[in-house]
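Asker:
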Amino acid sequence: MKKMEISHFINTIIEEDIRTGKHKRAITRFPPEPNGLLHLGHARAIITNYTMAKNHGGYFNLRFDDTNPVKEDISFVEAIKKDIAWLGCEWKNLFFASDYFEEMYKRAVLLIENGKAFVDDLTADEIKEYRGNLTTPGKNSPYRERTIEENLKLFKNMRDGVYPDSSKVLRVKIDMTSPNMNMRDPIIYRIQRAHHHNTGDKWCIYPMYDYAHPIEDAIEGITHSLCSLEFEDHRPLYDWVVKNCEMENIPRQIEFGKLRIVGAVGGKRYIKQLVDGKKVMGWDDPRLITLSGLRRRGVPSEAITDFIHALGLPKSQGETEIDMLDQIIREHLASTAPRTNAILDPLKLVIDNYPEDKVEYLEAENNRDNEELGTRLIPFSKYVFIEREDFIEQKPNKKWKRLALGIEVRLMHAYFVKANSIVRDEKGNITEVHCTYDIETKSGSGFKDRKPNGNIHYVDATHNLPAEIRLFDDLILENMGKDIPYVDKVNPDSLIIKNGFIEENMDPQVGDRFQFTRNGYFCVDKDTTKDLLVFNRIVSLRSSYKKK
RNA sequence: UGGGCUAUGGCCAAGUGGUUAAGGCACCGGACUUUGACUCCGGGAUCGAUAGUUCGACUCUAUCUAGCCCAGCCA
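With the first sequence counted from 1, adding 295 to any position gets you my numbering.
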């Protein structure tokens, strides 16, 4: 694997902080909310935080940001941990934001004592109205000037469950006329009677993200809190909370651009819609760019980390083509995945001059670039399957490097065969191609008297294993317009199932990866049963073949 | 019409006043080939626009344009 040079603006900032003695090392974190699974976009945040800590003598924490029990589900916690571990980003500490509820409460009391927070009785609609909008400033709440004593009592009552849900909130006093909406006296606590996976029914008030997050970072001694660009406008508030809550450690939030993939469903909420709407097999559907989906598809996690590093860490807002990831995946698999033959769309070839009951076993390398993977024996008999697309009746032009009537090709690892005639069914479809082989041309014999019109692969028709082979295409039809929800734009052909055959000489386990000759890289899917192998195509091979 | 951020070839992206403007992906040629794979050769941008500063600007200044984000008691 190529070593990636890491030199982006955040790396520069951290190096500078260490050089000037501001910090001795970088301590970072990744703070997912357990309300869904992680996707490729999160991989940038995870890998960036992890790598910066690792490269700068520090460590990386995993912290579940579980401050809103109505939206969260403990079941996602284990799945998220599995994804992050899969990426190889080891966390030093595993924390939950809810571990800090008591501390957060105390800091809120401190804010009230210092006259910096107040309990507001305005309704949600009134708060919205008082907030103003993008172009007009907001107005102070009529409750803003309550006395410290009254606020203290009210806030304690909020905690003690005296008031109904949503009847009061705790707000911080900043500036209702700020052009930054986040600074218009933001709400930091709401009343919400909901069972929390960690704290049970202990609390009926929960802190808001903008208040909780900086405190979490500060408590953990995070030095650099790396997140995506949409939190840029929140940074002044983040800094305000750290300062006014009198936190000892002062973390710094730095934002980078979000990773978007052309044509992919990005964003947890959209993926969730597809999962909940049963439009996909689940969070781990191989057509999804969730980490679990990519893993199930067969993508090596190293390819993902390489991909993230290769992209760099810009603040610009582009859309990356998935081809870049595909090529990195191929590079990872090229020398590690054993080759085998598989026929996805079989066409029977009958070798007329080959003995009826004979079966030969021909030796083949499992990977020409990696001798350690050894060799295998491939059966060969009078009846073999080739790909239907590898045969055409009349060779159309000199570019055609496959089989055609009167044309001779090599069956890889076996012999030259020449097609002589075809058999059709009553509908006119070709059901068999009859040909003759030349025993002189056996693979490995060194035969050089003439060149075949190409090399095609085969699977013996009498000795093989049937397999279900799944091919994937874009999940979403983009040409339907961007106002249509994803659930209504699912490409019906995004999953193509082929019932094909693979070599009989294997006993693949779920997760094993192979290169199917000329068809791409494939991985054994978890749907495999003892009766039927199921493969996912991870990526196709590149092809320079152009029709015409 | 408020604020924040961004703008280098089809895509991603180096570059921080003087370089023939890196590299990867994609694409197009060609060589090689028992995978139309791999590998190998070759191909293309004047840097959102305009006006300045300067001997000299992708890099500095001003103005403009375009895109993204912000008006949850979500994160």
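The beta-carbon is built from N, C-alpha and C at its ideal position, and this holds for glycine as well.
Which of the three DSSP states is assigned to G495 in this structure?
Answerer: The answer is strand: DSSP assigns G495 an E or B state.
Asker: Report the CB separation of T585 from I603 in whole angstroms; it is logged as a contact under 8 Å.
Answerer: Between I603 and T585 the Cβ distance is about 15 Å, and since that is not below 8 Å, they are no contact.
Asker: Does the contact criterion of 3 or more C-beta pairs under 8 Å hold for the segment 399-412 versus the segment 365-377?
Answerer: Contact between the segment 399-412 and the segment 365-377 is absent, because fewer than three Cβ pairs lie under 8 Å.
Asker: Is L406 helix, strand or coil when you go by DSSP?
Answerer: Correct three-state label for L406: helix.
Asker: Can you give me the C-alpha to C-alpha distance between Y753 and Y678, rounded to a whole angstrom?
Answerer: Rounded to the nearest angstrom, the two C-alpha atoms are 10 Å apart.
Asker: By Cβ distance, which residues of its chain are closer than 6 Å to N306, with the 5 residues on each side in sequence left out?
Answerer: None.
Asker: Please return the same chain residues whose Cβ sits closer than 7 Å to the Cβ of A659, not counting the five positions on each side in sequence.
Answerer: Counting only Cβ-Cβ distances below 7 Å, and skipping sequence neighbours, we find T670, R671, I673, H708.
Asker: Measuring straight from C-alpha to C-alpha, what distance separates K423 and M478?
Answerer: The straight-line gap from Cα to Cα measures roughly 14 Å.
Asker: I think F686 touches V728, with their Cβ atoms under 8 Å apart; what is that distance to the nearest whole Å?
Answerer: Yes, they are in contact, since the Cβ atoms of F686 and V728 sit about 6 Å apart, within 8 Å.
Asker: Give the DSSP-derived three-state secondary structure of Y678 in the structure shown.
Answerer: If DSSP states are grouped into helix, strand and coil, Y678 belongs with the strands.
Asker: What distance in whole Å lies between the Cβ atoms of G353 and A321, which are believed to be in contact at a cut-off of 8 Å?
Answerer: Indeed they touch by this definition, with Cβ atoms about 4 Å apart.
Asker: In its own chain, which residues sit with a C-beta less than 7 Å from the C-beta of K610, not counting the 5 before and 5 after it?
Answerer: Cβ within range, chain order: L524, F551, G552.
Asker: So K377 is in the alpha helix (DSSP H); what residue range does that whole segment cover?
Answerer: Residues 370-381.
Asker: Taking C-beta to C-beta, are L766 and L790 nearer than 9 Å?
Answerer: Yes, Cβ-Cβ distance for L766 and L790 is below 9 Å.
Asker: Could you please give me the residues that DSSP links to E727 through a beta bridge?
Answerer: K643, V718, per the DSSP bridge assignment.
Asker: The beta strand (DSSP E) with E763 in it runs from where to where?
Answerer: Its beta strand (DSSP E) spans residues 760-767.
Asker: Which residues in the same chain have their Cβ closer than 6 Å to the Cβ of Y533, if we skip the five residues on either side of it in sequence?
Answerer: Around Y533: P509, Q548.
Asker: Would you please state the rounded distance, in angstroms, between the beta carbons of F817 and F830? I believe it to be under 8 Å.
Answerer: Sure, about 4 Å apart at Cβ, within 8 Å.
Asker: What is the rounded straight-line gap between the Cα of D769 and the Cα of P581?
Answerer: For D769 and P581, the distance between alpha carbons rounds to 11 Å.
Asker: Can you list, in chain order, the residues of its chain whose CB lies under 7 Å from that of Y425, leaving out five sequence neighbours each side?
Answerer: Cβ neighbours of Y425 beyond the five flanking positions: L417, G433, K434, S436.
Asker: Does the distance from the C-beta atom of L554 to that of L606 stay below 9 Å?
Answerer: Their beta carbons are under 9 Å apart, which means L554 touches L606 by this criterion.
Asker: Please determine, among I764, N774, E799, the residue with the shortest C-alpha to C-alpha distance to D822.
Answerer: Among I764, N774, E799, the Cα nearest to that of D822 is on I764.
Asker: From which residue to which residue does the beta strand (DSSP E) around I833 run?
Answerer: I833 -> beta strand (DSSP E) spans 828-834.
Asker: Along the chain, where does the beta strand (DSSP E) containing A659 start, and where does it finish?
Answerer: Looking at the DSSP string, the run of the beta strand (DSSP E) that includes A659 is 655-660.
Asker: Just confirm the distance between the C-beta atoms of I599 and L382, as a whole number of angstroms; I'd bet it's less than 8 Å.
Answerer: About 7 Å; that satisfies the 8 Å criterion.
Asker: Between the segment 799-819 and the segment 616-630, do three or more beta carbon pairs fall short of 8 Å?
Answerer: As far as the Cβ criterion goes, the segment 799-819 touches the segment 616-630, which means the pair count is three or higher.
Asker: How big is the Cα-Cα spacing for M844 and V560?
Answerer: This structure does not reach residue 844, given that the chain is present from 296 up to 843, and the question cannot be answered.
Asker: Please determine if the segment 532-546 and the segment 498-514 are in contact, where contact requires at least 3 C-beta pairs separated by less than 8 Å.
Answerer: Counting Cβ pairs under 8 Å, three or more are found: they touch.
Asker: Report the option in N350, E799, F355 whose CA atom is closest to the CA atom of P326.
Answerer: That would be F355, whose Cα lies nearest to the Cα of P326.
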